[in-house]
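*Asks:*
Okay, here's the thing in structure tokens:
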């Protein structure tokens, strides 16, 4: 009987210990949830501060200033912000002047289209080197061109800025050599969409990518009009 009573006491103590541990666990879980919520809040605040810092670091071409600068030169009233879709028709002297007048990076944009690029234009090359935004969701190069030009002048710059284009990049109206194709396709292998619409592909055989496309996550490759 004493043994049974002792066992009952032991079981009761164990139940109390289990209950105590369960309560402690609940408290710790609540604490973890609170920490996770605080962590999310802090990450959100950090991202907001980063955006503000990036805006300030863009100097004279932060959004309000570049809006005024663009209007003064082109006469077009466009409100610049991170979602702005900007198209510059470079056959228009005012648009070309605006592009060539930039001596700092443009602020981040939702989309950027450079249309009708004059053949062999060094101002455009300079813009790609020094004025291209730190981040653009979609970039279209030489849209609506009426002539086929050699891509060699711009290929290095396009490969470099492609790292700042997040989703879509299209290059229009150029003669594309095997070397151009390999360089730019490899540089854009993680885009959602990339392509050479309305281009002339100068290929004598199947291009040799030499493993440069390994791990590609490219969803679409456009060659319409080629």
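Numbering (my numbering), first residue to last: 340 to 565.
Note that beta-carbon positions come from the ideal geometry of N, C-alpha and C, so glycine has one too.
The structure presented is a predicted model; accordingly, all values stated were derived computationally and were not measured.
Would you kindly report the start and end of the unbroken beta strand (DSSP E) that includes residue 509?
*Replies:* Reading the chain shown from its first residue, position 170 is the one you call residue 509. Element bounds for residue 509: 504-510.
*Asks:* What residue range is occupied by the uninterrupted beta strand (DSSP E) comprising residue 405?
*Replies:* Reading the chain shown from its first residue, position 66 is the one you call residue 405. Segment 402-413 is the alpha helix (DSSP H) holding residue 405; no beta strand (DSSP E) there.
*Asks:* Can you find the residues in the same chain that come closer than 7 Å, C-beta to C-beta, to residue 494, ignoring five residues on each side of it along the sequence?
*Replies:* Your numbering for residue 494 matches position 155 in the chain shown. Taken in chain order, the residues that qualify are 519, 522, 523.
*Asks:* Which partner residues of residue 452 appear in the DSSP bridge assignment?
*Replies:* The residue you call residue 452 lines up with position 113 of the chain shown. Looking at the DSSP assignment, residue 452 forms a beta bridge with 426, 479.
*Asks:* How long is the line joining the alpha carbons of residue 363 and residue 371, rounded to whole angstroms?
*Replies:* Numbered from 1 along the chain shown, position 24 holds the residue referred to as residue 363. Numbered from 1 along the chain shown, position 32 holds the residue referred to as residue 371. Their backbone Cα atoms lie some 12 Å apart in a straight line.
*Asks:* Given a threshold of 16 other Cβ atoms within 10 Å of its Cβ, counted over all protein chains shown, does residue 481 qualify as buried or as exposed?
*Replies:* Indexing the chain shown from 1 puts residue 481 at position 142. That one is buried.
*Asks:* To the nearest angstrom, how far is it from the Cα of residue 502 to the Cα of residue 526?
*Replies:* Here residue 502 refers to the residue found at position 163 when the chain shown is read from its first residue. Here residue 526 refers to the residue found at position 187 when the chain shown is read from its first residue. So the two alpha carbons sit approximately 7 Å from each other.
*Asks:* Return helix, strand or coil for residue 474, following the three-state DSSP convention.
*Replies:* Sequence index remark: in the chain shown, residue 474 carries index 135 (1-based). Coil.
*Asks:* Who are the near neighbours of residue 418 in its chain, counting only those whose CB is closer than 7 Å to its CB and skipping five residues on each side?
*Replies:* As a working note, residue 418 is residue 79 in the chain shown. Result list for residue 418: 406, in chain order.
*Asks:* Using a Cβ-Cβ cut-off of 6 Å (strictly less than) and excluding sequence neighbours within five positions of residue 465, which residues of its own chain qualify?
*Replies:* What you label residue 465 is simply residue 126 of the chain shown in a count that begins at 1. If we look at residue 465 and ignore the five residues flanking it on each side, it has no Cβ neighbours.
*Asks:* Give a yes or no on whether 8 Å exceeds the smallest Cβ distance from residue 410 to chain B.
*Replies:* In the structure shown, chain B does not exist; there is a single protein chain.
*Asks:* Quick check on the burial criterion: 16 or more other C-beta atoms within 10 angstroms. Buried or exposed for residue 471?
*Replies:* Mapped onto the chain shown, residue 471 falls at position 132. Looking at its Cβ environment, which holds 16 or more other Cβ atoms inside 10 Å, residue 471 is buried.
*Asks:* DSSP puts residue 514 in a beta bridge; with which residues?
*Replies:* Position 175 of the chain shown holds residue 514. The partner list for residue 514 (beta bridge, DSSP) reads 489, 539.
*Asks:* With DSSP collapsed to three states, give me the class of residue 342.
*Replies:* Working through the chain shown from its first residue, we reach residue 342 at position 3. For residue 342, the pLDDT reaches just 48, beneath the cut-off of 50, and the residue's location in the model is therefore unreliable, although a value from the coordinates is still provided. Here residue 342 sits in helix by DSSP.
*Asks:* Per DSSP, what kind of secondary structure is residue 559 in: helix, strand or coil?
*Replies:* In the chain shown, residue 559 corresponds to position 220, counting from 1. Strand, per DSSP.
*Asks:* Would the beta-carbon of residue 530 fall within 8 Å of that of residue 508?
*Replies:* Position 191 of the chain shown, counting from 1, holds the residue named residue 530. Position 169 of the chain shown, counting from 1, holds the residue named residue 508. For residue 530 and residue 508, yes; Cβs fall inside 8 Å.
*Asks:* Can you give me the C-alpha to C-alpha distance between residue 504 and residue 475, rounded to a whole angstrom?
*Replies:* Here residue 504 is taken as the residue at index 165 of the chain shown, counted from 1. Here residue 475 is taken as the residue at index 136 of the chain shown, counted from 1. C-alpha separation (whole angstroms): 5 Å.
*Asks:* Quick check on the DSSP output: the alpha helix (DSSP H) that includes residue 437 runs from which residue to which?
*Replies:* Indexing the chain shown from 1 puts residue 437 at position 98. Residue 437 -> alpha helix (DSSP H) spans 432-440.
*Asks:* Tell me whether the beta-carbon of residue 410 lies closer than 8 Å to the beta-carbon of residue 426.
*Replies:* In the chain shown, residue 410 corresponds to position 71, counting from 1. In the chain shown, residue 426 corresponds to position 87, counting from 1. No, the pair does not count as a contact, with Cβ atoms beyond the cut-off.
*Asks:* So the alpha helix (DSSP H) residue 494 belongs to, where does it begin and stop?
*Replies:* Looking up residue 494 in the chain shown gives position 155. Unbroken alpha helix (DSSP H) run through residue 494: 494-500.
*Asks:* Count the other CB atoms, across all protein chains shown, that sit within 10 Å of the CB of residue 545; report buried if there are 16 or more and exposed otherwise.
*Replies:* Here residue 545 refers to the residue found at position 206 of the chain shown. Answer is exposed; the Cβ neighbour count stays below 16.
*Asks:* Take residue 450 as the anchor and find which of 443, 456, 477 has the nearest alpha-carbon.
*Replies:* What you label residue 450 is simply residue 111 of the chain shown in a count that begins at 1. Here the closest residue by C-alpha is 477.
*Asks:* Kindly give me the distance between the Cβ atoms of residue 455 and residue 429, rounded to whole angstroms, as I take these residues to be in contact under 8 Å.
*Replies:* Working through the chain shown from its first residue, we reach residue 455 at position 116. Working through the chain shown from its first residue, we reach residue 429 at position 90. Confirmed, Cβ separation roughly 6 Å.
*Asks:* Contact defined as beta carbons within less than 8 Å: I believe residue 538 pairs with residue 511. What is the distance between those atoms, to the nearest angstrom?
*Replies:* As a working mapping, residue 538 is identified with position 199 in the chain shown. As a working mapping, residue 511 is identified with position 172 in the chain shown. About 7 Å separates the two Cβ atoms, so the contact holds.
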